[in-house]
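*Asks:*
Chains as they are written, first to last, in the numbering used here: chain A, 58 to 383; chain B, 1232 to 1495; chain C, 19 to 279.
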């Protein structure tokens, strides 16, 4: 299949200055030479924690940021230098409620952006009602956006991102801040778009979302791609292993070190929480080490013990490291 | 115990001041809070100089310097309330066991200090650019007058801003209030020139008396009448502050009943 | 070309819709000019300045237009940045310059309305006598003035797009221009060292010309000379702003200053 996005050794640095009088310059490397391709028609996911470089990648590919070095092409056009040819073909949606005019109605927003994308009037007049229908805003299309719920605003963003019928859509954390139902509706729209043949590049830090929607996923952290494969293959990183999960009230780091040394344990990660901490022990055969581990942890006030097969989340945690909070 | 209360008071003041201006860039603070108001002062002084062909424009320097305090007493205090609303801390304030009035005054305290500094910056500008002379001027009394002026203007600011909380664009009401003071306080033309009804409004506004007093002080004139005016200004301040505080509580109660503290 | 005109038109309309719904904008085109006119009227009244209405109406009117065009246009960019739409309108196939031009045009129309409001207020509140010696010339100069203001505003908007720091600048650009260009008092009363700055500001010449067309033109040659300077400066402004927008396209993406990080 044809590659529509090619990224090679992409680097992006930010210079941040601190202080008022004595300016201290600090170079922050947001992308550390990443490489990947996106094929026509696929849903490609960039999965990673906050600050991993997902948004930076999306902004570079949507011509909003210049690469510091490396190559980034969409439809064969350089994103920095050939943006004039590229911009009509793409569109992007950044999650959250920003990026639309709150004081205007949904319809006005769509008309305005259609015009800015130089969409022909006839096509525009036909397309806008279709888009409103697609995102379920037909009924309230003429009300001001500020009266909308978060989910409605985010769906309007999707419609806005489609005014020029782009061949590729970039979605940056589209479901951020939505309730489960709102997020599910949005995911449904995204998968519908995909079945219409659109290429979609999606960034997210929700495991489930990536698993459900993406054909391929790149797990990214601190500006590096740690793994890139189909969700199924990524899960295989861990399928040989299972997970023994112990929820405890208190935690002793020395004990964790001891558990790591138990024979058969491959990795230990911890999800810190307010009420309880979850220790996830990856191993080939949980029943063999369960006895040992529980004995060690007995002083930590064990609340629950369970074993399960590995999920995408475990693959992710294995790659990114288990220090993120849920 | 008392020491603790005082310490808490100052900490509150400083923190809320920092919360407001820490959000802003230092540069933005200097431009918005100092340079622009000083430019406004220079503008009106130059205008007076041209229009009245006057060599001594001390009255305009005095009047416009005192008006500089509105940057804090209206906008600063307004932003304190506004900020609490935006960052959702207003409900914390409502629910806090502490005396809300004290908390609130604490939060405004730094603004009063800052306002006095601004008035002084204005006077210094007048001294440097327009040769305003402070020879033979009773400076302690002038200082006291400035303090009372700032206090009265703060009370006015509190009232305006607590009403503003119900309006979505608080900027509108704050700017209108500041512009009204600019026009009606007698800083740029004598209050007597105004139509009768506007004159009445002038005398229920803060600063009108303070500007009158300050001009007398600058002339070296000092009568018991001035003390009377000072007391009146103080009284105006107390009234505004009281109504403002009651208004704030009323708004809060209303918001709580309507369960709309967040949108409030 | 037809496409550009359409974009300018729709940006202008959108801008007017957005602005009008902003209470603060209503303040700056209605309340502020009226109070400002009241103060200046009161100050000029009972003085020896002849035909002071020309100073009051023209001066406050020109100041409000200046504030409305420059302040609002600069502020609009900032609002677009805060609302997350700046990134969108910079990266659409339509030239950003054209979108900004449309926005400024919208503010200009409102600004002119505020001149009208000032005029009506003085007329109705004080029943002040007012006469324009050369109405046709006045209208022509007024239109050139607006074109010149738009050029200045687009330079300002460009600076604000380029740098978040320029936002601070926006807040204190009002009075200096009003003072230096002599909108309410002749710039001749200012210290001599400010002269060069006054001379490169097109409002200086615009105000002079407008005042002349109100009071009567005695020296036609001098009038034409001043008009030539105004047109020349305006041309320079457009060249400058064009350069800025070319720089913008590259620079903001290299610096990454578009969004609100």
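Built from N, CA and C at the ideal position, the CB exists for glycine as well.
For chain C, check one thing: does any of its Cβ atoms lie closer than 9 angstroms to the Cβ of residue 329 of chain A?
*Replies:* No, residue 329 of chain A lies away from the interface with chain C (no Cβ there is under 9 angstroms from its Cβ).
*Asks:* Taking beta-carbon pairs under 8 angstroms, can you tell me which members of the segment 247-269 of chain C lie near chain A?
*Replies:* Answer set for the segment 247-269 of chain C: 268.
*Asks:* Going along chain A, which residues have a C-beta under 8 angstroms from residue 39 of chain C?
*Replies:* By Cβ distance, chain A contributes 160.
*Asks:* Given that residue 107 of chain C touches chain F, what residues does it touch there, using C-beta distances under 8 angstroms?
*Replies:* Absent from the structure is chain F; the protein chains it does hold are A, B and C.
*Asks:* Rounded to a whole number of angstroms, what is the C-alpha to C-alpha distance between residue 158 of chain C and residue 77 of chain C?
*Replies:* Roughly 18 angstroms separates the two Cα atoms.
*Asks:* Please state whether DSSP places residue 234 of chain C in a helix, a strand or coil.
*Replies:* The answer is coil: DSSP assigns residue 234 of chain C none of H, G, I, E or B.
*Asks:* Please classify residue 273 of chain C: does DSSP put it in a helix, a strand, or coil?
*Replies:* Of the three classes helix, strand and coil, the one that applies to residue 273 of chain C here is helix, per DSSP.
*Asks:* Can you check whether the CB of residue 188 of chain C is closer than 9 angstroms to the CB of residue 96 of chain C?
*Replies:* Yes, Cβ-Cβ distance for residue 96 of chain C and residue 188 of chain C is below 9 angstroms.
*Asks:* Nearest chain A C-beta to residue 28 of chain C closer than 9 angstroms, yes or no?
*Replies:* Yes, because at least one Cβ of chain A sits closer than 9 angstroms to the Cβ of residue 28 of chain C.
*Asks:* Output, in chain order, the set of chain C residues within a Cβ distance shorter than 9 angstroms of residue 137 of chain A.
*Replies:* The contacting residues are 268, 271, 272.
*Asks:* Determine, for residue 260 of chain A, whether the minimum Cβ-Cβ distance to residues of chain C falls below 9 angstroms.
*Replies:* Cβ-Cβ to chain C under 9 angstroms: no for residue 260 of chain A.
*Asks:* Kindly say whether residue 21 of chain C, judged by its beta-carbon, lies nearer than 9 angstroms to any beta-carbon of chain A.
*Replies:* Chain A contact via Cβ: present.
*Asks:* Residue 348 of chain A: buried (16+ other C-beta within 10 angstroms of its C-beta) or exposed?
*Replies:* Residue 348 of chain A is exposed by the Cβ-count criterion.
*Asks:* What are the partner residues of residue 24 of chain C, as DSSP defines its beta bridges?
*Replies:* Answer by DSSP bridge pairing: none, since residue 24 of chain C is not bridged.
*Asks:* Spell out whether any CB of chain A is found under 9 angstroms from the CB atom of residue 12 of chain C.
*Replies:* This structure does not reach residue 12 of chain C, given that chain C is present from 19 up to 279, and the question cannot be answered.
*Asks:* For residue 86 of chain C versus residue 47 of chain C, is the C-beta spacing smaller than 9 angstroms?
*Replies:* It is a contact, given that the beta carbons lie within the stated cut-off.
*Asks:* Would the beta-carbon of residue 114 of chain A fall within 9 angstroms of that of residue 277 of chain A?
*Replies:* For residue 114 of chain A and residue 277 of chain A, yes; Cβs fall inside 9 angstroms.
*Asks:* As a quick exercise: from B:1302, B:1234, B:1278, pick the residue whose alpha carbon is nearest that of residue 1260 of chain B.
*Replies:* Answer by Cα proximity: B:1302.
*Asks:* Are the C-beta atoms of residue 1424 of chain B and some chain C residue less than 9 angstroms apart?
*Replies:* Yes - at least one Cβ of chain C is within 9 angstroms of the one on residue 1424 of chain B.
*Asks:* Could you work out which residues of chain C lie near residue 151 of chain A, taking near to mean beta carbons separated by less than 7 angstroms?
*Replies:* By Cβ distance, chain C contributes 102.
*Asks:* Would you list the one or two residues that DSSP bridges to residue 364 of chain A?
*Replies:* A:301, per the DSSP bridge assignment.
*Asks:* Hey, is residue 111 of chain C's beta-carbon within less than 9 angstroms of any beta-carbon in chain A?
*Replies:* So yes, residue 111 of chain C belongs to the interface.
*Asks:* Here's the rule: buried if 16 or more other CB atoms are within 10 angstroms of the residue's CB, otherwise exposed. What is residue 164 of chain A?
*Replies:* Label assigned to residue 164 of chain A: buried.
*Asks:* State the Cα-Cα distance for the pair residue 100 of chain A and residue 173 of chain A, rounded to the nearest angstrom.
*Replies:* For residue 100 of chain A and residue 173 of chain A, the distance between alpha carbons rounds to 27 angstroms.
*Asks:* Taking a Cβ distance cut-off of 8 angstroms, strictly less, list which residues of the segment 1256-1272 of chain B are near chain C, in chain order.
*Replies:* Per Cβ criterion, the list reads 1256, 1258, 1259, 1261, 1262, 1263, 1266, 1267, 1270, 1271.
*Asks:* Please decide whether residue 182 of chain A counts as near chain C, where near means a Cβ-Cβ distance under 9 angstroms.
*Replies:* Judged by the 9 angstroms Cβ criterion, residue 182 of chain A is not in contact with chain C.
*Asks:* Output the boundary residues of the beta strand (DSSP E) element that contains residue 352 of chain A.
*Replies:* Premise fails: residue 352 of chain A lies in the alpha helix (DSSP H), 343-354, not in any beta strand (DSSP E).
*Asks:* So is residue 291 of chain C buried or exposed if we call it buried at 16+ other beta carbons inside 10 Å?
*Replies:* As shown, chain C starts at 19 and ends at 279. That puts residue 291 of chain C outside it, with no answer to give.
*Asks:* Please classify residue 125 of chain C: does DSSP put it in a helix, a strand, or coil?
*Replies:* Residue 125 of chain C falls in the helix class under three-state DSSP.
*Asks:* Mapping DSSP to helix, strand and coil, what is residue 35 of chain C?
*Replies:* In the structure shown, residue 35 of chain C sits in a helix (DSSP, three-state: H, G or I).
*Asks:* With the cut-off set at 9 angstroms, would you say residue 243 of chain A and residue 232 of chain A are in Cβ contact?
*Replies:* A contact, by the Cβ cut-off of 9 angstroms.
*Asks:* Would residue 1453 of chain B and residue 193 of chain C qualify as a contact pair, given that the criterion is a beta-carbon distance under 9 angstroms?
*Replies:* Against a cut-off of 9 angstroms, the Cβ pair of residue 193 of chain C and residue 1453 of chain B comes out as no contact.
*Asks:* Mind pulling the chain C residues with CB within less than 9 angstroms of residue 1406 of chain B?
*Replies:* By Cβ distance, chain C contributes 42, 45, 46, 49, 50.
*Asks:* Okay, do the segment 1340-1360 of chain B and the segment 1427-1443 of chain B touch, 3+ Cβ pairs below 8 angstroms being the bar?
*Replies:* Flag = no, the segment 1340-1360 of chain B and the segment 1427-1443 of chain B do not touch.
*Asks:* Relative to the C-alpha of residue 190 of chain C, which residue among B:1241, B:1238, B:1237, B:1262 is closest?
*Replies:* Residue B:1262 is the option with its Cα nearest to residue 190 of chain C.
*Asks:* Could you tell me if residue 147 of chain C is buried or exposed, where buried requires 16 or more neighbouring beta carbons within 10 angstroms of its beta carbon?
*Replies:* With fewer than 16 other Cβ atoms within 10 Å, it is exposed.
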